[in-house]
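Novice:
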Amino acid sequence: MCAAYAIEPENPLARELNRILCEQIAIATKALATVSRKRLQGVSDAQAALERMAALGHLFAATDPDLAGRAVAQVEAIADGLAPLREHFAQRALFTDLSGGLDTGPVLERVREICETPPVVVIEGREISPKRLAALASRRLEVLVTALDPGLLGTFDRADLRAGLAGSRADCRRHAVRALKSGAGADFGNWARYARFYSCQRQLLGAAEKLDPVETAQSGQLADLLARERELATLSERLRHLVRTRTEAAYQPFIDAIVDRRQVLRLEIETLAELLLDIGAEVGLGESGLTATSVQA
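Residue numbering for the sequence shown follows our numbering, beginning at 1139 and increasing consecutively.
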């Protein structure tokens, strides 16, 4: 399905943009229909489609910031509503990944329980099941479809989209510099958002603008690494209360596994960022960058 997320150079631009947007809405809606308490893969698939939709909206920021802001805000509001399920799905996978090779026992089982317990989502005083939450997101997508004005997309030409891509790269670079200088988790989370915009936009415009496919793939890899770093940071925060107990030492192997994984990820992120965004000298990688920044669990 992701392969359809690309502009066909021979077709009218407005028709292509409308086709792609409608396809992503259909992908997200179909994925959400599969969600239940035990089946959360659909949330991840829907999130990927929503990210592509937000990236498409953000392309218009250079020429129509109001439209871009409204479009991205609507799509991200739907994604934010699904965030508890998405984070839970990611943390279940992270537990399986990080616990490999660690001794089993009551302590590890306590961590497993925390990672595998579904979140309680309350809306207007009522607890909402994962299936119900996914259905609410689907309805919001239906509203988004009816609000679309097909003629609006026809006002943009290739030069406008090119300008949008350049603007997204600049945004991604700015957040990268800030994150690499500070090493702060919040800055990495903000960077992840703009890296995903830029990655999805490169994929969208790749064939039409003859973009280097290797760099496009690397931009996607960078966005994926940043997403994983954010997932690890969220898991670390969720387990923070464990290290304040008398059994802190018992949890230390799992916490160390999180810290080690984040260190490796950040080195990979640093390398890709320097390669793609040309920021090594600006942030002084190896001095004031990630290699000099300790990662806290």
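Glycine is no exception: its CB is placed at the ideal position from the N, C-alpha and C atoms.
What did DSSP end up calling residue 1347 once you bin it into helix, strand or coil?
Specialist: Correct three-state label for residue 1347: helix.
Novice: Given this structure, state the Cα-to-Cα distance separating residue 1156 from residue 1214, to the nearest angstrom.
Specialist: C-alpha separation (whole angstroms): 19 Å.
Novice: Under a Cβ-count criterion, where at least 16 other Cβ atoms within 10 Å of its own Cβ denotes burial, should residue 1417 be classed as buried or exposed?
Specialist: With 16 or more other Cβ atoms within 10 Å, it is buried.
Novice: Quick check: the Cα distance between residue 1319 and residue 1176, rounded to an integer number of angstroms?
Specialist: Going by the C-alpha atoms only, they are around 41 Å apart.
Novice: Grab me the residues of residue 1174's own chain with a C-beta within less than 7 Å of its C-beta, minus the 5 sequence neighbours each way, in chain order.
Specialist: Cβ within range, chain order: 1268, 1269.
Novice: When you compare the CB positions of residue 1360 and residue 1197, do they come within less than 8 Å of one another, or not?
Specialist: Contact flag unset, no.
Novice: Buried or exposed, going by whether 16 or more other CB atoms sit within 10 Å of the CB of residue 1254?
Specialist: Label assigned to residue 1254: exposed.
Novice: For the ligand NAD, is there any heavy atom lying closer than 7 Å to the beta carbon of residue 1228?
Specialist: Here there are no bound small molecules, and the ligand NAD is not part of this structure.
Novice: With a 10 Å radius around its C-beta and 16 neighbouring C-beta atoms as the bar for buried, classify residue 1162 as buried or exposed.
Specialist: So residue 1162 counts as buried.
Novice: How long is the line joining the alpha carbons of residue 1406 and residue 1308, rounded to whole angstroms?
Specialist: Whole-angstrom Cα-Cα distance: 21 Å.
Novice: Using only alpha-carbon positions, find the residue among 1208, 1181, 1251 that is nearest to residue 1220.
Specialist: Checking every option, the nearest Cα to that of residue 1220 belongs to 1181.
Novice: Could you tell me which of 1203, 1222, 1145 sits nearest to residue 1372, measuring between CA atoms?
Specialist: Residue 1372 has its Cα closest to that of 1222, out of 1203, 1222, 1145.
Novice: Say whether the stretch 1394 to 1404 touches the stretch 1235 to 1250, bearing in mind that this needs 3 or more beta-carbon pairs closer than 8 Å, one atom from each stretch.
Specialist: Touching, yes, given that three or more Cβ pairs across the two stretches are closer than 8 Å.
Novice: Which residue's Cα is closest to the Cα of residue 1248: 1146, 1185, 1377, 1261?
Specialist: Nearest of 1146, 1185, 1377, 1261 to residue 1248, Cα basis: 1377.
Novice: Exposed or buried, which one is residue 1369 when buried takes at least 16 other CB atoms within 10 Å?
Specialist: With 16 or more Cβ atoms within 10 Å of its Cβ, residue 1369 is classed as buried.
Novice: Alpha carbon to alpha carbon, how far is residue 1206 from residue 1403?
Specialist: The alpha-carbon atoms of residue 1206 and residue 1403 are separated by roughly 31 Å.
Novice: Pick from 1331, 1357, 1146, 1327: whose alpha carbon is nearest that of residue 1191?
Specialist: The shortest C-alpha separation from residue 1191 is found at 1331.
Novice: To the nearest angstrom, how far is it from the Cα of residue 1230 to the Cα of residue 1178?
Specialist: Spanning the two alpha carbons is a distance of roughly 10 Å.
Novice: So, are the CB atoms of residue 1363 and residue 1329 less than 8 Å apart?
Specialist: No, the Cβ-Cβ distance between residue 1363 and residue 1329 is not below 8 Å.
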